[in-house]
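Asks: Here the protein sequences come in this chain order: H and E.
So in full-length UniProt numbering, spot 110 of the first sequence is number 110, and the numbers just go up one at a time.
So in full-length UniProt numbering, spot 286 of the second sequence is number 286, and the numbers just go up one at a time.
Number of protein chains: 2
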Amino acid sequence: MSSTKQMESELRPMDAEQLREQGHKMVDFIADYYKAIENFPVLSQVEPGYLRQLLPDSAPNSPDSLQDVLNDIQEKILPGVTHWQSPNFFAYFPSNSSIAGFLGEMISAGLNTVGFSWISSPAATELEMIVLDWLAKALKLPDDFYSTGQGGGVIQGTASEAELVVLLAARDRILRRLGRNALPKLVSYASDQVHSALQKACQIGGLNPELCRLLETDSSTNYALSSSVLREAISKDIASGLIPFFLCATVGTTSSTAVDPLPALGKIAKTNGIWFHVDAAYAGSACICPEYRHHIDGVEEADSFNMNAHKLMLTNFDCSLLWVKDRSALIQSLSTNPEYLKNKVSQENTIIDYKDWQIPLGRRFRALKLMMVLRLYGLEGLQSYIRNRIKLAIHFESLVVKDKRFEVVTARVFSLVCFRLVPPPNSQDHGNKLNRDLLDSVNSTGRVFITHTVLSGKFILRFAIGAPLTEERHINAAWQIFQDKASALLGTSYHDSAFSS
Amino acid sequence: MSSTKQMESELRPMDAEQLREQGHKMVDFIADYYKAIENFPVLSQVEPGYLRQLLPDSAPNSPDSLQDVLNDIQEKILPGVTHWQSPNFFAYFPSNSSIAGFLGEMISAGLNTVGFSWISSPAATELEMIVLDWLAKALKLPDDFYSTGQGGGVIQGTASEAELVVLLAARDRILRRLGRNALPKLVSYASDQVHSALQKACQIGGLNPELCRLLETDSSTNYALSSSVLREAISKDIASGLIPFFLCATVGTTSSTAVDPLPALGKIAKTNGIWFHVDAAYAGSACICPEYRHHIDGVEEADSFNMNAHKLMLTNFDCSLLWVKDRSALIQSLSTNPEYLKNKVSQENTIIDYKDWQIPLGRRFRALKLMMVLRLYGLEGLQSYIRNRIKLAIHFESLVVKDKRFEVVTARVFSLVCFRLVPPPNSQDHGNKLNRDLLDSVNSTGRVFITHTVLSGKFILRFAIGAPLTEERHINAAWQIFQDKASALLGTSYHDSAFSS
Numbered sequence: 001m002s003s004t005k006q007m008e009s010e011l012r013p014m015d016a017e018q019l020r021e022q023g024h025k026m027v028d029f030i031a032d033y034y035k036a037i038e039n040f041p042v043l044s045q046v047e048p049g050y051l052r053q054l055l056p057d058s059a060p061n062s063p064d065s066l067q068d069v070l071n072d073i074q075e076k077i078l079p080g081v082t083h084w085q086s087p088n089f090f091a092y093f094p095s096n097s098s099i100a101g102f103l104g105e106m107i108s109a110g111l112n113t114v115g116f117s118w119i120s121s122p123a124a125t126e127l128e129m130i131v132l133d134w135l136a137k138a139l140k141l142p143d144d145f146y147s148t149g150q151g152g153g154v155i156q157g158t159a160s161e162a163e164l165v166v167l168l169a170a171r172d173r174i175l176r177r178l179g180r181n182a183l184p185k186l187v188s189y190a191s192d193q194v195h196s197a198l199q200k201a202c203q204i205g206g207l208n209p210e211l212c213r214l215l216e217t218d219s220s221t222n223y224a225l226s227s228s229v230l231r232e233a234i235s236k237d238i239a240s241g242l243i244p245f246f247l248c249a250t251v252g253t254t255s256s257t258a259v260d261p262l263p264a265l266g267k268i269a270k271t272n273g274i275w276f277h278v279d280a281a282y283a284g285s286a287c288i289c290p291e292y293r294h295h296i297d298g299v300e301e302a303d304s305f306n307m308n309a310h311k312l313m314l315t316n317f318d319c320s321l322l323w324v325k326d327r328s329a330l331i332q333s334l335s336t337n338p339e340y341l342k343n344k345v346s347q348e349n350t351i352i353d354y355k356d357w358q359i360p361l362g363r364r365f366r367a368l369k370l371m372m373v374l375r376l377y378g379l380e381g382l383q384s385y386i387r388n389r390i391k392l393a394i395h396f397e398s399l400v401v402k403d404k405r406f407e408v409v410t411a412r413v414f415s416l417v418c419f420r421l422v423p424p425p426n427s428q429d430h431g432n433k434l435n436r437d438l439l440d441s442v443n444s445t446g447r448v449f450i451t452h453t454v455l456s457g458k459f460i461l462r463f464a465i466g467a468p469l470t471e472e473r474h475i476n477a478a479w480q481i482f483q484d485k486a487s488a489l490l491g492t493s494y495h496d497s498a499f500s501s
Numbered sequence: 001m002s003s004t005k006q007m008e009s010e011l012r013p014m015d016a017e018q019l020r021e022q023g024h025k026m027v028d029f030i031a032d033y034y035k036a037i038e039n040f041p042v043l044s045q046v047e048p049g050y051l052r053q054l055l056p057d058s059a060p061n062s063p064d065s066l067q068d069v070l071n072d073i074q075e076k077i078l079p080g081v082t083h084w085q086s087p088n089f090f091a092y093f094p095s096n097s098s099i100a101g102f103l104g105e106m107i108s109a110g111l112n113t114v115g116f117s118w119i120s121s122p123a124a125t126e127l128e129m130i131v132l133d134w135l136a137k138a139l140k141l142p143d144d145f146y147s148t149g150q151g152g153g154v155i156q157g158t159a160s161e162a163e164l165v166v167l168l169a170a171r172d173r174i175l176r177r178l179g180r181n182a183l184p185k186l187v188s189y190a191s192d193q194v195h196s197a198l199q200k201a202c203q204i205g206g207l208n209p210e211l212c213r214l215l216e217t218d219s220s221t222n223y224a225l226s227s228s229v230l231r232e233a234i235s236k237d238i239a240s241g242l243i244p245f246f247l248c249a250t251v252g253t254t255s256s257t258a259v260d261p262l263p264a265l266g267k268i269a270k271t272n273g274i275w276f277h278v279d280a281a282y283a284g285s286a287c288i289c290p291e292y293r294h295h296i297d298g299v300e301e302a303d304s305f306n307m308n309a310h311k312l313m314l315t316n317f318d319c320s321l322l323w324v325k326d327r328s329a330l331i332q333s334l335s336t337n338p339e340y341l342k343n344k345v346s347q348e349n350t351i352i353d354y355k356d357w358q359i360p361l362g363r364r365f366r367a368l369k370l371m372m373v374l375r376l377y378g379l380e381g382l383q384s385y386i387r388n389r390i391k392l393a394i395h396f397e398s399l400v401v402k403d404k405r406f407e408v409v410t411a412r413v414f415s416l417v418c419f420r421l422v423p424p425p426n427s428q429d430h431g432n433k434l435n436r437d438l439l440d441s442v443n444s445t446g447r448v449f450i451t452h453t454v455l456s457g458k459f460i461l462r463f464a465i466g467a468p469l470t471e472e473r474h475i476n477a478a479w480q481i482f483q484d485k486a487s488a489l490l491g492t493s494y495h496d497s498a499f500s501s
């Protein structure tokens, strides 16, 4: 037993005063982490398998002290962490922590309720209904999405789960009409820019994966789904005896934040009796700002709408918000009613049991953190935060534009800039290799982390701004790294090999 | 703006010193909550819709102060909370918070990483592999379940998700062999005591819900699945041209903690080439104690094994542990590989990307809390905690047995006691009503919360012990309430109407 251990009294499973003492220590540990966050390589530079060499191969029989564990986190875990909250994190779509979100996670973990049914913690269900109505209002969603009517909002873990549950609701709605034998004929539609969650949802739901139509897009629509392409695909499928049942439009695609034309797509969905889902996982938050709201014009025709509060809206992961117009469609697909969960209130059907709106049974009290974010920053605070992230992206874009070696590839819409080194003339392949090398070279510095995508065969760098600590100086410093690494690369490979050869 | 607001400086999205200051306040709030937890009615006594009357119908435009929000939580939210961490919570299966688990949630929320792929936070993936190997060792699981071979462990949110992903892996394994047309013929098996998650998983996976065979059990096997009943059902289905593909055995059923005979069932599964899943969501934790390990004897033949660390094992919800022998079966069902997530390490196939083992894409760093629980209590501390919960159940059972008006209905195995008021002679219906009335009467005191089940037509009271603050005095006080309420009920309905009539 180490001396640290001897000095501390044994940790009880639960004890208010011990929780207070140790909780304060942990708060300081986390505050110190944020103080030092820029000192870590933002993208962890460890090698696969690094941690197994540092930890024992069994859990300890007798307790370790909190100090021992914190030391290990500092020395062994943190070097393996990719720091999503670093101001130099520009990869994927950033997922925000905030003080309010963190406090919300704390209180939720403190209460540790499991709110599957209303009765298992009434406030968990009711607060969720209320804050989702608050946000529906902030987003100016149509009344049908409010919990006061036939619809309502629900917190899912991720957009993948949101997409899955609505796909299942749509599947079962049509199978109830046509019979189970229609399953192999059901077709879903989206652009080829749709998130991979759609294909995964089709696969999970037992749908024919070949009937998940990913319709081609290109730069002529800035990678948005063309309504004529959709209309044609549907006609062709109907003519072949197939059954269109689901359309997913995206507002803010993962590759380039493309925005599908909701009004035109919604009309087609309506005409064909297709479930119309709008995935605004990333960009939905921006639509609480009046000047961005037009991006979801047409949501009025949607059956369901999803956005992630854990992306641009300062709510700690996970917190994906889903609204549906017809909650009974979800419930008919996902409800279970075993004896051991039956209770008077549920049977009176006057309340919502969120277990029937989601894949898992149990659920955390996530509405608390969403409420804390909405109240501690206020809608104006959140709007100003989002505007500021977009402003930083505009600044980055202006830097890219000024350097002739680079080009912005797709029109920037929100806080993502898609850019690349201009490839040598007639050498897309070489250009792709060059940009891939630039990506690796930049990321290996540990001073910035970005990711990539491919659009129409072009390898593209994605610079996504979202982390709360990011300021203009971080953008400038990041851009300096891109410029330096580009110079290093172009010095040897571009000018010498491409132009000089 | 309230005066409280004026006194505080504006909350920034993220700021180390503000996080420290507000985090300390929240720790005190939560410690004070635990100090006062016995003062709240354990089962919330609010009426449906109570909260909407107390909160505004929009999110505020300008920020509220933390103190305002904490006041609202105290005055408006907490009355609507059912207090899962109260020492008087004996409903469902309790889901533990602990100091270690709470600290783990804090650090996980503080880092707020989204670890879908190894590269997105290497330590999140590697720590998960390691602590799941630690637990596999503590449970004496066969080597095939370790991440060092072809299998491995993964943290799912809930047992429902664990069950779903293995069902999908089993479904797709057989469909790869037989073709997609076999889907409507696939049959899964379990006892009628299996968790409702199985039927839900079948429904989600597009399987014919009528081919989810819930085989009848009764008191002759203490509600465990009989291997001869299973063998017969499989033979019958094969004879009808159907295709058995999945068997779920339960160790510790939800209604009565029945234990299915794994060795016999595993043999049948093996003979028939069926995926064999063992759901030990509740009771698995107990098997880290050598004297309970025999309940999972036979797990050697299983393809997958699941237990919830968030039930008896002091890890805050959610933390459901799943091990599989053949991780490639999961990955083949659940992987996606969009360009924007591609990276060198993933493509070299030397690491695990847990996104391909689960339904969602994103995932929290839950391994931290599991590590903190294992290290801050040690295996001996956890064993002693679990033994103590079971000892309390034995104590409660002894109290029930002493009161001739009551009977223990099924043999107690772990920390759940199934009991009821003995019904009047020849009056099962009246007995059921009586016990339902007793349940309502006891729960309406707010001093104890239990739930019920039905076994062979009998309405049964479930007294499940698990909350960390529960001591013998709480058991005694709870029993006193049962006795008093029984006397009140029997005084009017039992003696007077049943016996005297």
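C-beta atoms are modelled at their ideal positions from N, C-alpha and C, and glycine is treated no differently.
Measure the beta-carbon distance from H/Gly101 to H/Val46 and round it to whole angstroms, keeping in mind my assumption that it falls under 8 angstroms.
Replies: Not confirmed; about 27 angstroms, so no contact.
Asks: Look at the alpha carbon of E/Ala16 and the alpha carbon of E/Leu438, and state the distance between them as a whole number of angstroms.
Replies: Going from the Cα of E/Ala16 to the Cα of E/Leu438 covers about 52 angstroms.
Asks: Let me know the secondary structure DSSP gives E/Trp84 once reduced to three states.
Replies: coil
Asks: Does any residue of chain H have a CB that is nearer than 8 angstroms to the CB of E/Val69?
Replies: yes
Asks: Identify which residue in E/Leu376, E/Glu300 and E/Thr350 has its Cα closest to the Cα of E/Lys140.
Replies: When each option's Cα is compared against that of E/Lys140, the closest is E/Glu300.
Asks: Listed in chain order, which residues of the stretch 72-85 of chain H have Cβ atoms closer than 9 angstroms to some Cβ of chain E?
Replies: Those would be Asp72, Ile73, Lys76, Ile77, Leu78, Pro79, Gly80, Val81, Thr82, His83, Trp84 and Gln85, in chain order.
Asks: Would you mind sorting residue 523 of chain E into buried or exposed? The rule is 16 or more other CB atoms within 10 Å of its CB.
Replies: Absent from the structure is residue 523 of chain E, since the part of chain E shown begins at 1 and ends at 501.
Asks: Grouping DSSP H, G and I as helix and E and B as strand, with all else coil, what is H/Phe365?
Replies: coil
Asks: Have a look at the DSSP bridge pairing and note the partners of H/Val251.
Replies: In DSSP, H/Val251 forms a bridge with H/Val259.
Asks: Taking only beta-carbon atoms, is E/Gln18 less than 8 angstroms away from chain H?
Replies: yes
Asks: For H/Ile394, would you say it is in contact with chain E, using Cβ-to-Cβ distances shorter than 8 angstroms as the test?
Replies: no
Asks: The alpha helix (DSSP H) spanning E/His24 covers which residue range?
Replies: Start and end: Ala16 to Ala36.
Asks: Closer than 8 angstroms, CB to CB, is E/Thr254 near chain H or not?
Replies: yes
Asks: For H/Arg177, count neighbouring Cβ atoms within 10 angstroms of its own Cβ and tell me buried if that reaches 16, exposed if not.
Replies: exposed
Asks: Say whether chain E places a C-beta atom closer than 8 angstroms to the C-beta of H/Tyr494.
Replies: In this prediction, H/Tyr494 scores a pLDDT of 47, lower than 50, which makes its location untrustworthy; no coordinate-derived value is stated.
Asks: Just verifying my parser: in three-state terms, what is the DSSP assignment at H/Met307?
Replies: strand
Asks: Cα separation between H/Val187 and H/Ile243?
Replies: 6 angstroms
Asks: Counting only the same chain and skipping the five closest in sequence on each side, list residues whose C-beta sits under 7 angstroms from that of E/Gly157.
Replies: Excluding sequence neighbours, E/Gly157 sits near Asp318 and Ser320.
Asks: Are the stretch 360-379 of chain H and the stretch 114-125 of chain H in contact at 8 angstroms, needing three or more beta carbon pairs?
Replies: yes
Asks: Counting only beta-carbon atoms, is E/Ser235 nearer than 8 angstroms to chain H?
Replies: no
Asks: Give me the residue from H/Ile155, H/Arg389 and H/Phe246 with the minimum Cα distance to H/Leu214.
Replies: Comparing Cα-Cα distances from H/Leu214 to each of H/Ile155, H/Arg389 and H/Phe246, the minimum goes to H/Phe246.
Asks: Looking at the secondary structure, which residues open and close the beta strand (DSSP E) in which E/Gln156 lies?
Replies: Gly152 to Gln156
Asks: Just to make sure I have the definition right: I need the residues of chain E whose C-beta is within less than 8 angstroms of the C-beta of H/Pro60. Which are they?
Replies: Leu374, Arg375, Gly378 and Leu379
Asks: Against chain E, with Cβ distances strictly below 8 angstroms, would H/Thr315 count as a contact?
Replies: False, the Cβ-Cβ gap to chain E never drops below 8 angstroms.
Asks: From the beta carbon of H/Ile274, is the nearest beta carbon of chain E less than 8 angstroms away?
Replies: no
Asks: Please indicate yes or no: does the CB of H/Gln18 lie closer than 7 angstroms to some heavy atom of the ligand ATP?
Replies: As far as ligands go, the structure on display features none, and thus does not contain the ligand ATP.
Asks: Taking the CB atoms as reference points, tell me whether H/Val324 and H/Gly110 lie closer together than 8 angstroms.
Replies: Judged by beta-carbon spacing, H/Gly110 lies beyond the 8 angstroms limit of H/Val324, meaning their Cβ atoms are not closer than that value.
Asks: Quick one: residues in its chain with C-beta nearer than 8 angstroms to the C-beta of H/Pro209, no 5 flanking neighbours on either side, listed in chain order?
Replies: Gln199, Cys202 and Gln203
Asks: I need the DSSP call for H/Met1, collapsed to helix, strand or coil.
Replies: Any reading at H/Met1 must be qualified, since the residue scores a pLDDT of 39, below 50, and its modelled position is unreliable; the value itself is stated next. In the structure shown, H/Met1 sits in coil (DSSP, three-state: anything other than H, G, I, E or B).
Asks: Looking only at C-alpha atoms, which of E/Asn435, E/Leu322, E/Ala329 and E/Ala159 sits nearest to E/Thr253?
Replies: E/Ala159
Asks: Check each residue of the stretch 191-223 of chain H: if its Cβ is closer than 8 angstroms to any Cβ of chain E, include it; give the result in chain order.
Replies: Result list: His195, Ser196, Ala197, Gln199, Lys200, Gln203, Ile204, Gly205, Gly206, Leu207 and Asn208.
Asks: Classify E/Lys404 as helix, strand or coil using the three-state DSSP reduction.
Replies: coil
Asks: From which residue to which residue does the alpha helix (DSSP H) around E/Trp479 run?
Replies: Glu472 to Leu489
Asks: Verify the CB distance criterion: does H/Asp143 have a CB-CB separation below 8 angstroms to chain E?
Replies: no
Asks: Tell me which residues of the stretch 24-51 of chain H have at least one Cβ-Cβ distance to chain E shorter than 9 angstroms, keeping chain order.
Replies: Cβ proximity to chain E below 9 angstroms picks out His24, Lys25, Met26, Val27, Asp28, Phe29, Ile30, Ala31, Asp32, Tyr33, Tyr34, Lys35, Ala36, Ile37, Leu43, Ser44, Val46, Glu47, Pro48, Gly49, Tyr50 and Leu51 from the stretch 24-51 of chain H.
Asks: Would you call the CB atoms of E/Gly153 and H/Gly205 closer than 8 angstroms?
Replies: Contact flag unset, no.
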